[in-house]
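Inspection log for the structure reproduced underneath, given as structure tokens.
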Amino acid sequence: MENSGKTTADDWYKNGVKRYDSKNYNAALCNFFEAAESNHAEAQYLGVLYENGYGVDVNYDVALSWYLKAAEQGNSNAQNSIGFLYRNGYGVDVNYDVALSWYLKAAEQGNSGTQNYLGILYETGYIVDVNYDVALSWYLKAAEQGDTDAQNSIGLLYYGGKGVEQDFNTAREWFTKAAEGGNVEAQLSLGDLYRTQQNYIESIRWFKEAANGDNDEAMHKIAEQFYNAAEKRYTPAQNTLGQMYKDGYGSPVNYEKAFKWYKMASDSGNAIGQTNIADMYYEGLGVERDYDESIRLYRLAAEAGDKEGQMHLGIMHLDGFGTEINLDTALEWFEKSLENGYEPARVYIDQVKTRKLQSRIWLRVESEAKTEREIELEREAREAKEQIAILLEKLAMKDSEIEQFIKTAKIDANAEVPIPSIEVVKVVLAPDKEDEKFQKQHCRKKPLIFFKV
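As structure tokens, this is what we get:
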């Protein structure tokens, strides 16, 4: 039956864990204390707060008292912590025998961290006599639980032939397990192993993995490794050494040295080196900017199948650096780069398609605009013709009126009819375009003469 409304010891403990994880140690201590008072073994491990001074002053006596309560209930972490206090003399006199007994209790309960630590004690002879067999047995128990430190330690035993016959293959297997689990020490160990076997590619790869964790030793080994290999004309090392100088990776930025190593790789016909040196010419780093040389080298790398070189050659055609803009050629190289697995090329493919679509839209707009202008001109021409027709019609009517007047103006010379005075008026048409058209149409060689009565 559930205790509705009552907070259980497990509830207090879980709340304490949440507050501990969020580093609210004062609240965590209160929650753990409530659970510990109810004999909750995990909560009694609150001794870790007193040992480390989380939310309280450091107090080894109180820490030990809580560790003992948890240890008596079989808490292996508490047992390990008691061993730690006795080994170092924190709150108690140093006592290796007592420390070892508590370590063994925790290890026998399957605490992988304690099992690995026991392996270290027996390998190094610290508080116990050196015993590689016992060390290996504890390392193996921890390693089977996925403890990468133990896996690396096993590899070191086989690598050095300590307590076992020297076996580089077995050492490599254990180093690899630990290295793939993210253990930096194992990554360094694996890099060293491959270097002794002159497998520079794998050696460099694992040193770089270790260096990604900002490990100074790894970075030093990388530089040393690459330099030695680069001097022996090993082009991958030359390229990587060039990158280190270019990006300031493990050394100050030095574009001139970066250019030197990239060029050595490029001159050897290495496609990656050709792409790298083309980048330097493109950006003007360590050498004067030269788009013509840059595109030449990108083309060599691209034709040799370098996926990055293919993408960069496409960029040159896309933007018109060292060549004319050619979207079709750019798209061709971007697609080849993507086919070779270089995902960044996909972005440029989309750019080219967008620009080609925009070009088609602009052409259509210009075509439509041109058609509209033609329509407008045709409309204006029709209106002009209509105006001319109207003017010609009016002129024709004027000719008819003149002829009619002349006919009615003929009078018998003998008739005594008062003849009005007639004044001949010379009318000169204004020299505009419409009159010129009119005169041409009516074949007028002289100005029109009208009569004013």
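Just so we're on the same page, the working numbering is the position in the sequence shown counted from 1, plus 2.
Cβ atoms here follow ideal geometry from the backbone N, Cα and C, with glycine treated the same way.
Assign residue i to buried or exposed, taking buried as 16 or more other Cβ atoms, counted over all protein chains shown, within 10 Å of its Cβ.
i      : result
Glu310 : buried
Asn77  : buried
Val419 : The pLDDT assigned to Val419 is 47, lower than 50, so where the model puts this residue is not dependable, and the model offers no usable value.
Asn79  : buried
Ile392 : exposed
Tyr128 : exposed
Gly250 : exposed
Gly286 : exposed
Gln199 : exposed
Glu53  : buried
Gln75  : exposed
Asp151 : buried
Ser361 : exposed
Lys107 : buried
Ser339 : buried
Gly193 : buried
Asp308 : buried
Compute the Euclidean distance between the alpha carbons of residue i and residue j, then round it to the nearest angstrom.
i      : j      : result
Ala144 : Asn201 : 30 Å
Gln245 : Ala260 : 6 Å
Val426 : Arg381 : Here Val426 scores only 45 on pLDDT, less than 50, and its place in the model should not be relied on; the value that follows carries that caveat. Looking at the two C-alpha atoms, the distance is approximately 43 Å.
Gly49  : Ser83  : 9 Å
Gln353 : Val255 : 33 Å
Phe86  : Ser67  : 14 Å
Arg298 : Gly163 : 54 Å
Val186 : Ser40  : 42 Å
Glu305 : Asp149 : 47 Å
Ile390 : Thr325 : 56 Å
Ala30  : Thr242 : 49 Å
Ala137 : Ile122 : 7 Å
Glu211 : Gly165 : 30 Å
Asn342 : Ala181 : 29 Å
Asp12  : Asn90  : 33 Å
Tyr92  : Leu159 : 32 Å
Ile424 : Leu397 : In this predicted model, Ile424 has a pLDDT of only 44, less than 50, meaning its place in the structure is not dependable; the value taken from the coordinates is given anyway. Taking the straight line joining both Cα atoms gives about 23 Å.
Lys179 : Glu204 : 15 Å
Ala173 : Gly115 : 21 Å
Gln189 : Asn17  : 38 Å
Ala347 : Ala38  : 60 Å
Asp135 : Trp208 : 29 Å
Phe336 : Tyr284 : 18 Å
Val58  : Asn28  : 8 Å
Thr9   : Ala101 : 37 Å
Tyr98  : Tyr88  : 7 Å
Leu431 : Leu359 : Legend: pLDDT at Leu431 = 46, less than 50; position of this residue unreliable, value from coordinates given subsequently. Roughly 59 Å separates the two Cα atoms.
Phe177 : Leu70  : 37 Å
Cys32  : Asn61  : 16 Å
Ala109 : Tyr47  : 17 Å
Tyr257 : Leu315 : 22 Å
Gly183 : Leu120 : 21 Å
Asn278 : Tyr247 : 12 Å
Phe170 : Asp131 : 27 Å
Asp63  : Trp104 : 17 Å
Leu51  : Arg21  : 12 Å
Pro422 : Ala383 : At Pro422, the pLDDT of 49 sits below 50, so the modelled position is not reliable and the matter cannot be decided from this model.
Ile156 : Ser139 : 10 Å
So the alpha helix (DSSP H) residue i belongs to, where does it begin and stop?
i      : result
Gly316 : 309-321
Tyr22  : 11-23
Val50  : 49-54
Leu287 : Element bounds for Leu287: n/a, residue is neither H nor E.
Gly76  : Gly76 -> no alpha helix (DSSP H), and no H or E assigned at all.
Gly121 : 114-126
Asn33  : 27-39
Thr150 : 150-162
Pro254 : Per DSSP, Pro254 belongs to no alpha helix (DSSP H) and is neither H nor E.
Val130 : Unbroken run through Val130: none, as it is neither H nor E.
Val94  : Run containing Val94: none; DSSP gives neither H nor E here.
Thr178 : 170-182
Ser103 : 98-110
Pro346 : Premise fails: Pro346 is in no alpha helix (DSSP H) and is neither H nor E.
Glu330 : Correcting the residue type first, residue 330 is Asp in the shown sequence and not Glu. Looking at the DSSP string, the run of the alpha helix (DSSP H) that includes Asp330 is 329-341.
Gln189 : 186-198
Gly244 : 237-249
Ser296 : 293-305
Quick test of your reading: residue i and residue j, contact by CB under 8 Å. State the CB separation rounded to the nearest angstrom.
i      : j      : result
Asn118 : Tyr124 : Actually they do not touch by this definition, with Cβ atoms about 11 Å apart.
Gln276 : Ala303 : 4 Å
Glu44  : Trp14  : About 11 Å; that fails the 8 Å criterion.
Tyr264 : Met313 : Not confirmed; about 18 Å, so no contact.
Sorry if obvious, but does the Cβ on residue i come closer than 8 Å to a heavy atom of the ligand MG?
i      : result
Ile317 : The ligand MG is not part of the structure shown, which contains no ligands of any sort.
> Just checking, does the region 230-244 make contact with the region 262-270 on the three C-beta pairs under 8 Å criterion?
Replying inline: Contact holds: three or more Cβ-Cβ distances are below 8 Å.
>> Using 8 Å as the cut-off, can you tell me whether the region 329-338 makes contact with the region 288-297, which would need three or more C-beta pairs spanning the two stretches below that distance?
In response: no
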